[in-house]
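Numbering (my numbering), first residue to last: 26 to 515.
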């Protein structure tokens, strides 16, 4: 077996399907309807555009009040000014960005408007391949690696007319916020890390260095940095977005999604990147819907009532959200998650990761990784070579039971509210079952750090998830805050 070369992109002949036996995912009609354009103006201080939503920037570009080149140059300048201090950028793709911005402006001038992402600058987590640029995976062992292809997500965004300006940091091999250049910092307090593993994507979006970004999640890697950096992140259903050209960590759990300022921006980006490409065979063909005008308060909304018990940080985002929803007239339904100890199943993720990086381990190049503690990748990879294949399969059989229990729960509600923290097994469960989640800012703690909550919906029901979360976000307004950038340079 070892005589046959297996690079990271070769998947096993086993495909994970998040839909359990006996559950039918109904095809349904829908719309993709964003909010009506506001009477948005170009601010006197052009720098303020850095924190505008994609929806507002799109209207300014469509109406030709600003150009893509102006916006691209603004974000490039901010990447160079603030990126080094935040340690959130691996590669600025300036040559490509200028080329794409020029093309966008030319097309728009000719009346060839591609849509809401046309001319909008963005960044990607540096586990996505971009032809002509390094793809480092945040790890010293791969810091000079180039991959001669564009990830499907990158191709889809180029087709939408978006402008790629940076490849952003991730914790080495998608763990935490430490990469070979150090720790990615949080824009709200640069003494703190940004959390991970989509560390640079969340930090750069929060700091106004990109209009939006692309991250990925296997277990918490969009939700955690979205909370720490005060941004909005979408983790789609497993199998909605192609992972072709992305680093594999766990074949049955990896998911790619956008990190933005608003839920609506996440919907816009998700609409561009979702759908099959014939390369990632887990991806299904299903339309993306979103309705900014949905009467979301009539939905059946559950909440994890036990998460209100015991000691919690003050102010507590989850408790605030429960109370706010009740004050809005929403009749919340108390729910409980399946009673299965998912922590005992965490070795599914790590065992698949150990296989994905088996060559790194056997070559001893794992010594190059910046983190070498007991619970860091090098030692986890080594330990999980000794997980019996029988136990890995048994754990996945228990995963089937978990999926069935979650399907039964979701049949009683349309979506539910959960803390975006570690007080419940919610993140572990829903990453194993493949359910979609949205993470939204919900104020600040006593130290002035962002806090957030999450909503989770049924499989492939991003339409319900995004539409409801958008309505709630607009009603509460916590997403309008952004960090004051009082630092720069090295």
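The beta carbon of each residue, even a glycine, is placed where N, CA and C say it ideally should be. None of these values were measured; they are calculated from a predicted model.
### Task
Could you name the residues that DSSP lists as bridge partners for residue 192?
Translated into positions along the chain shown, residue 192 becomes position 167. Its beta-bridge partners are 116 and 149.
### Task
Could you have a look at residue 259 and say whether DSSP puts it in helix, strand or coil?
Position 234 of the chain shown holds residue 259. In this structure, residue 259 counts as strand in the three-state DSSP scheme.
#### Entry: Contact between the region 467 to 478 and the region 390 to 410 (3+ Cβ pairs under 8 angstroms)
No, the region 467 to 478 is not in contact with the region 390 to 410.
### Query
Is it buried or exposed for residue 112, if we count other Cβ within 10 angstroms and need 16 for buried?
Against the chain shown, residue 112 aligns to sequence position 87. Buried: at least 16 other Cβ atoms inside 10 Å.
### Query
Taking DSSP as the reference, what is the three-state secondary structure of residue 404?
Start at 1 with the first residue of the chain shown, and residue 404 comes out as number 379. In the structure shown, residue 404 sits in a helix (DSSP, three-state: H, G or I).
### Query
Can we say the region 233 to 250 touches the region 95 to 105, given the rule of at least three CB pairs closer than 8 angstroms?
Under the 8 angstroms Cβ criterion, the region 233 to 250 counts as touching the region 95 to 105, having at least three qualifying pairs.
### Query
Below 8 angstroms, can you find three or more Cβ-Cβ pairs linking the region 246 to 257 to the region 129 to 145?
No: fewer than three Cβ pairs fall under 8 angstroms.
### Message
Assuming contact is defined by CB atoms lying nearer than 8 angstroms, are residue 417 and residue 375 in contact in what I supplied?
### Response
Numbered from its first residue, the chain shown carries residue 417 at position 392. Numbered from its first residue, the chain shown carries residue 375 at position 350. In this structure, residue 417 keeps its C-beta atom at 8 angstroms or more from the C-beta atom of residue 375.
### Query
Leaving out five residues before and five after residue 175 in sequence, what residues of the same chain have Cβ atoms less than 8 angstroms from its Cβ?
Counted from its first residue, the chain shown places residue 175 at position 150. If we look at residue 175 and ignore the five residues flanking it on each side, its Cβ neighbours are 154, 155, 156, 183 and 270.
### Query
So, residue 168 versus residue 177, is the Cβ gap smaller than 8 angstroms?
Here residue 168 refers to the residue found at position 143 of the chain shown. Here residue 177 refers to the residue found at position 152 of the chain shown. No, they are not a contact pair.
### Inter-residue Cα distance where the pair is residue 354 and residue 324
As a first step, residue 354 is located in the chain shown; it is residue number 329 there, counting from the start. As a first step, residue 324 is located in the chain shown; it is residue number 299 there, counting from the start. A direct Cα-to-Cα measurement between residue 354 and residue 324 gives close to 12 angstroms.
#### Entry: Assumed close pair residue 223, residue 190 - CB separation to whole angstroms, cut-off 8 angstroms
The count along the chain shown starts at 1 and reaches residue 223 at position 198. The count along the chain shown starts at 1 and reaches residue 190 at position 165. Contact doesn't hold; Cβ gap of about 17 angstroms is too wide.
### Message
Which residue wins for smallest C-alpha separation from residue 350, given the options 95, 501 and 120?
### Response
Translated into positions along the chain shown, residue 350 becomes position 325. When each option's Cα is compared against that of residue 350, the closest is 501.
### Query
From what residue to what residue does the beta strand (DSSP E) around residue 328 run?
Position 303 of the chain shown, counted from the first residue, corresponds to residue 328. Run containing residue 328: 326 to 329, per the beta strand (DSSP E) assignment.
### Residue range of the unbroken beta strand (DSSP E) whose run includes residue 225
Along the chain shown, read from residue 1 onward, the residue named residue 225 stands at position 200. Here residue 225 belongs to no beta strand (DSSP E); instead the alpha helix (DSSP H) covers 224 to 231.
### Per-residue DSSP class, three states only, for residue 143
Here residue 143 corresponds to residue number 118 of the chain shown, with the count starting at 1. In the structure shown, residue 143 adopts coil according to DSSP, grouped into three states.
#### Entry: For residue 440 and residue 172, the rounded distance between their alpha carbons
For this step, residue 172 is matched to residue 147 along the chain shown. For this step, residue 440 is matched to residue 415 along the chain shown. Roughly 39 angstroms between the two C-alpha positions.
### Task
Report the rounded CA-to-CA distance for residue 309 versus residue 485, giving the unit in angstroms.
One-based indexing of the chain shown puts residue 309 at position 284. One-based indexing of the chain shown puts residue 485 at position 460. Distance from the CA of residue 309 to the CA of residue 485, rounded to the nearest whole angstrom, comes to 10 angstroms.
### Message
Contact defined as beta carbons within less than 8 angstroms: I believe residue 263 pairs with residue 41. What is the distance between those atoms, to the nearest angstrom?
### Response
Looking up residue 263 in the chain shown gives position 238. Looking up residue 41 in the chain shown gives position 16. Going by Cβ atoms, the distance from residue 263 to residue 41 rounds to 7 angstroms, so yes, they are a contact pair.
### Query
If you run the structure through DSSP and keep just helix, strand and coil, what is residue 32?
Here the question's residue 32 lines up with position 7 in the chain shown. The answer is coil: DSSP assigns residue 32 none of H, G, I, E or B.
### Task
Select from 68, 253, 148 and 228 the residue whose C-alpha is nearest the C-alpha of residue 472.
Along the chain shown, read from residue 1 onward, the residue named residue 472 stands at position 447. Selected option, being the one with the closest Cα: 253.
### Task
Following the continuous alpha helix (DSSP H) through residue 441, name the residue where it begins and the one where it ends.
Working through the chain shown from its first residue, we reach residue 441 at position 416. Taken as a continuous stretch (DSSP letters only), residue 441 belongs to no alpha helix (DSSP H), being part of the beta strand (DSSP E) at 440 to 444.
### Query
residue 287: which of 116, 377, 148 and 491 sits nearest, CA to CA?
Translated into the one-based positions of the chain shown, residue 287 becomes position 262. Checked all of 116, 377, 148 and 491; the closest Cα to residue 287 is 491.
### Query
For residue 275, which of helix, strand or coil comes out of DSSP?
Locating residue 275 in the chain shown gives position 250, counting from the first residue. Residue state, collapsed to three classes: coil.
### Task
Sort 124, 134, 283 and 61 by Cα distance to residue 462 and report the nearest one.
Here residue 462 refers to the residue found at position 437 of the chain shown. Taking only the C-alpha atoms, the option nearest residue 462 is 283.
### Query
Where in the region 75 to 99 do unbroken runs of the alpha helix (DSSP H), each at least 4 residues long, occur, reported from the N-terminal end onward?
Annotation note: the region 75 to 99 contains the following uninterrupted alpha helix (DSSP H) runs of length 4 or greater, listed N- to C-terminal: 79 to 87.
### Message
Are the CB atoms of residue 50 and residue 56 within a distance shorter than 8 angstroms?
### Response
In the chain shown, the residue the question calls residue 56 occupies position 31. In the chain shown, the residue the question calls residue 50 occupies position 25. In this structure, residue 56 keeps its C-beta atom at 8 angstroms or more from the C-beta atom of residue 50.
### Query
When DSSP labels each residue in this structure, what does residue 289 get in the three-state scheme?
For this step, residue 289 is matched to residue 264 along the chain shown. The answer is helix: DSSP assigns residue 289 an H, G or I state.
### Message
Can you find the residues in the same chain that come closer than 6 angstroms, C-beta to C-beta, to residue 515, ignoring five residues on each side of it along the sequence?
### Response
Indexing the chain shown from 1 puts residue 515 at position 490. In this prediction, residue 515 has a pLDDT of 45, which is less than 50 and means its spatial position is unreliable; what the coordinates show is noted afterwards. Taking residue 515 as the centre and dropping the five residues before and after it, the same chain places the C-beta of 109 closer than 6 angstroms to its C-beta, in chain order.
### Query
Going by beta carbon distance, what residues of the same chain come within less than 8 angstroms of residue 331, once the five residues before and after it are set aside?
Start at 1 with the first residue of the chain shown, and residue 331 comes out as number 306. Cβ neighbours of residue 331 within its own chain (closer than 8 angstroms, five residues either side excluded): 361 and 449.
### Task
Measure the CB-CB distance between residue 279 and residue 241 and report whether it falls below 8 angstroms.
The count along the chain shown starts at 1 and reaches residue 279 at position 254. The count along the chain shown starts at 1 and reaches residue 241 at position 216. Contact: yes.
### Task
Please list, in chain order, all residues of the same chain as residue 89 whose beta carbon is under 8 angstroms from its beta carbon, the five residues on each side excluded.
Stepping through the chain shown from its first residue, residue 89 is reached at position 64. Same-chain partners within the cutoff: 133 and 134.
### Query
Going by alpha carbons, who is nearest to residue 432 out of 212, 47, 464 and 136?
For this step, residue 432 is matched to residue 407 along the chain shown. In this structure, 47 is the residue among 212, 47, 464 and 136 with its C-alpha nearest to the C-alpha of residue 432.
### Task
Please report the Cβ distance between residue 427 and residue 367, rounded to the nearest whole angstrom; I am assuming they are in contact, meaning their Cβ atoms lie under 8 angstroms.
Position 402 of the chain shown, counted from the start, is the residue given in the question as residue 427. Position 342 of the chain shown, counted from the start, is the residue given in the question as residue 367. Right, their Cβ atoms sit about 7 angstroms apart.
### Query
Does DSSP put residue 309 in a helix, a strand or coil?
Locating residue 309 in the chain shown gives position 284, counting from the first residue. Coil, per DSSP.
### Query
When DSSP labels each residue in this structure, what does residue 478 get in the three-state scheme?
Stepping through the chain shown from its first residue, residue 478 is reached at position 453. Strand.
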